[in-house]
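Visitor: Here the sequence shown is numbered in the working numbering, starting from 1 and rising by one per residue. Cβ coordinates follow ideal geometry from the N, Cα and C atoms, glycine included. Computed from a predicted structure; not experimentally measured.
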Amino acid sequence: MVLFNIKHNNLRAGIRANPGQFILQIMLVFFVGMTVGLERNVVPIIAKDEFHVGSFSVLFSFIVSFGIVKALLNLSSGVWSERWGRKPLLILGWVAAIPIPLMIIWAQSWLWVVIANIFLGINQGLTWTMTQTSKLDMAGEGERGLAASLNEWGGYFGVAVATMVTGYLAAVFGIRPVPFYFGLAVIAVALLVSVGLVKETLPYTRISRVSVSMPDGLGFYDVLKRVSWEDRNMFACSQAGLIEKFVDVMAWAAFPLFFFGSLGVDEIGIIVGAYGISWGFLQLAAGPVSDRIGRKRLIVAGMWICGIGVLLTVFGSGFYFWLFTATATGTGMALLYPTLIAAISDSSNPAWRASALGVYRMWRDSGYAFGAVIIGLSMDVFGIVSSFYITAILMIISGAVVAYTMKEAVPST
Numbered sequence: 001m002v003l004f005n006i007k008h009n010n011l012r013a014g015i016r017a018n019p020g021q022f023i024l025q026i027m028l029v030f031f032v033g034m035t036v037g038l039e040r041n042v043v044p045i046i047a048k049d050e051f052h053v054g055s056f057s058v059l060f061s062f063i064v065s066f067g068i069v070k071a072l073l074n075l076s077s078g079v080w081s082e083r084w085g086r087k088p089l090l091i092l093g094w095v096a097a098i099p100i101p102l103m104i105i106w107a108q109s110w111l112w113v114v115i116a117n118i119f120l121g122i123n124q125g126l127t128w129t130m131t132q133t134s135k136l137d138m139a140g141e142g143e144r145g146l147a148a149s150l151n152e153w154g155g156y157f158g159v160a161v162a163t164m165v166t167g168y169l170a171a172v173f174g175i176r177p178v179p180f181y182f183g184l185a186v187i188a189v190a191l192l193v194s195v196g197l198v199k200e201t202l203p204y205t206r207i208s209r210v211s212v213s214m215p216d217g218l219g220f221y222d223v224l225k226r227v228s229w230e231d232r233n234m235f236a237c238s239q240a241g242l243i244e245k246f247v248d249v250m251a252w253a254a255f256p257l258f259f260f261g262s263l264g265v266d267e268i269g270i271i272v273g274a275y276g277i278s279w280g281f282l283q284l285a286a287g288p289v290s291d292r293i294g295r296k297r298l299i300v301a302g303m304w305i306c307g308i309g310v311l312l313t314v315f316g317s318g319f320y321f322w323l324f325t326a327t328a329t330g331t332g333m334a335l336l337y338p339t340l341i342a343a344i345s346d347s348s349n350p351a352w353r354a355s356a357l358g359v360y361r362m363w364r365d366s367g368y369a370f371g372a373v374i375i376g377l378s379m380d381v382f383g384i385v386s387s388f389y390i391t392a393i394l395m396i397i398s399g400a401v402v403a404y405t406m407k408e409a410v411p412s413t
């Protein structure tokens with residue numbers, strides 16, 4: 001049963017046919033990105049500076065809690081949205097965001113931040129999935145790469161903006177509470193837009209055309225098997241999605257810790273923000289290009305460029321050098337990120353596309369938890385620099401798996 005139904009006799013698929021709702025969904029994913037961007041820069045510094053967390057493994061626990069919850073919700077939210085619609089879950093995701101800045105403002109120990117990130121995982125697992133799925137619902141044939149690019153551009157532009165804004169606010173007003181008042185305002189606006197202006201997009205799945213032969217009525221377990229290991233292309237995308245999250249864990253926590261002491265909080269915010277901006281903006285080109293030339297080459301190139309960018313970070317120092325390596329790493333993410341989503345969408349029937357995307361996003365975002373554990377342990381045992389080597393090697397190996405396993409298919413237009 002769809003909770004927020006709309007009349008859909010005259011629905012037409014295509015971005016140009018639905019400009020108002022498509023723009024609203026881009027605005028919302030921008031707010032989704034800003035919500036997670038509130039933490040990228042200041043929270044690792046809170047751990048070291050205010051709570052004196054000595055172990056990197058304990059420090060990274062806030063990413064583990066986030067990753068586990070987000071991965072599980074990605075898995076289930078697609079199924080729920082096919083039953084109840086996209087809009088109810090979008091609203092629920094924004095309600096779940098309300099405690100996040102409040103708990104960090106009032107935190108008396110590091111455990112408060114870890115628990116706040118459980119709510120962040122709920123928020124991101126519901127809102128990012130629903131904004132992405134809604135855009136793919138509305139997109140026409142041959143537009144899925146563009147739709148995925150616009151979604152990820154909006155989200156990671158939001159991450160970058162919030163990272164820079166919170167870095168500036170922290171430098172001027174202190175780490176807490178002012179940067180998180182800004183976060184409360186973002187969440188309030190997003191909730192109002194979701195309730196008052198967004199329309200349900202589930203009916204669009206009933207008018208979508210499928211360009212390749214694939215089963216129509218798959219159950220959830222069948223979709224899980226298909227995405228995880230049965231379909232070679234989907235397997236390649238799922239393992240690449242999991243490994244690339246190691247890079248995002250690095251940007252979220254390891255980069256600020258590595259730069260802290262050499263740079264100010266505002267400069268760290270600019271560098272981490274540059275990673276997000278290059279990722280966000282270059283995705284605008286990556287998705288449409290992949291619609292024309294296919295997915296595989298961009299995914300492989302992106303994985304390897306990311307690995308090289310992370311590796312180069314430890315071979316130099318200074319604001320401008322690290323700005324360059326962060327931008328290079330973001331460029332790699334721009335090539336691979338929307339292209340992986342579009343590749344999953346290519347291999348999915350509209351009837352179970354949300355479930356397929358949910359399974360893929362489960363594997364992808366479990367990379368936050370796996371990455372945080374492995375990176376945190378390596379930093380405790382071998383030092384902070386070891387995490388850069390490990391992440392770079394894994395990215396290069398994973399890219400090679402895609403190159404060997406994935407069958408290229410240029411989408412039809």
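#1: Around the Cβ of Tyr-181, are there at least 16 other Cβ atoms within 10 angstroms (buried) or fewer (exposed)?
#2: Please list the terminal residues of the continuous alpha helix (DSSP H) segment that includes Tyr-320.
#3: Leaving out five residues before and five after Ala-162 in sequence, what residues of the same chain have Cβ atoms less than 6 Å from its Cβ?
#4: Helix, strand or coil for Leu-263 per DSSP?
#5: Just the Cα atoms here: how many angstroms apart are Thr-331 and Phe-31?
#6: Once DSSP output is grouped into helix, strand and coil, what is the label at Ala-13?
#7: Please state the DSSP three-state secondary structure of Leu-38.
#8: Look up Val-210 in the DSSP assignment and say whether it is helix, strand or coil.
#9: Please work out which residues of its chain come closer than 7 Å, Cβ to Cβ, to Ser-398, disregarding the five sequence neighbours upstream and downstream, and give them in chain order.
#10: On the three-state DSSP scale, how would you describe Gln-108?
#11: Please report the Cβ distance between Val-43 and Phe-62, rounded to the nearest whole angstrom; I am assuming they are in contact, meaning their Cβ atoms lie under 8 Å.
#12: Would you tell me roughly how many angstroms separate the C-alpha atoms of Gly-167 and Lys-48, rounded to the nearest one?
#13: Within its chain, find whatever has a CB closer than 7 Å to the CB of Asp-231; leave out the 5 residues flanking it on each side and keep chain order.
#14: Cutting at 6 Å between CB atoms, please list the residues of its own chain near Gly-307, excluding the five before and the five after it.
#15: In this structure, how does DSSP classify Gly-33 when only helix, strand and coil are distinguished?
#16: Ordered along the chain, which non-local residues of its own chain (more than five positions away) have a Cβ less than 7 Å from that of Asp-365?
#17: Could you check if Ser-149 is buried or exposed, using at least 16 other CB atoms within 10 Å of its CB as the buried criterion?
#18: What are the boundary residues of the alpha helix (DSSP H) that Phe-476 is part of?
#19: Where does Pro-19 land, buried or exposed, given buried means 16+ other C-beta within 10 angstroms?
#20: Which residue from Pro-338, Tyr-337, Ile-305, Leu-340 puts its Cα closest to that of Thr-325?
#21: Are Thr-131 and Leu-224 close, meaning C-beta to C-beta below 8 Å?
#22: Give me the residue from Ile-268, Thr-405, Lys-87, Ile-293 with the minimum Cα distance to Gly-318.
#23: Rounding to the nearest angstrom, what Cα-Cα distance links Leu-92 and Val-79 in this structure?
#24: Excluding the 5 residues flanking Ser-57 on each side, which residues of the same chain have their C-beta closer than 7 Å to its C-beta?
#25: Three-state secondary structure (DSSP) at Asn-18?
#26: Can you find the residues in the same chain that come closer than 6 Å, C-beta to C-beta, to Phe-235, ignoring five residues on each side of it along the sequence?
#27: Is it right to say Val-247 is buried, meaning 16 or more other beta carbons lie within 10 angstroms of its own, or is it exposed?
Guide: So, from the listed chains and residues:
#1: Counting every other CB atom within 10 Å of its CB across the protein chains shown gives Tyr-181 a total below 16, marking it as exposed.
#2: 319-346
#3: Met-34, Gly-37, Leu-38
#4: strand
#5: 22 Å
#6: coil
#7: Three-state DSSP puts Leu-38 in coil, outside helix and strand.
#8: With a pLDDT of 48 at Val-210, under the threshold of 50, the modelled position of this residue cannot be trusted; read the value that follows with caution. The answer is coil: DSSP assigns Val-210 none of H, G, I, E or B.
#9: Excluding five sequence positions before and after Ser-398, the CB atoms of its chain that fall closer than 7 Å to its own CB belong to Gln-239, Ala-240, Ile-243, Met-303, given in chain order.
#10: coil
#11: By a beta-carbon distance limit of 8 Å, Val-43 contacts Phe-62. Their separation comes to about 7 Å.
#12: 16 Å
#13: Ser-347
#14: Ala-392, Met-395, Ile-396
#15: helix
#16: Only Gly-67, Lys-70, Ala-71, Asn-74, Lys-245 meet the Cβ criterion.
#17: buried
#18: No statement about residue 476 is possible, as the shown extent of the chain runs from 1 to 413 and does not include it.
#19: exposed
#20: Ile-305
#21: In this structure, Leu-224 does not lie closer than 8 Å to Thr-131 by Cβ.
#22: Ile-268
#23: 15 Å
#24: Gly-376, Leu-377, Asp-380
#25: coil
#26: Trp-229
#27: So Val-247 counts as buried.
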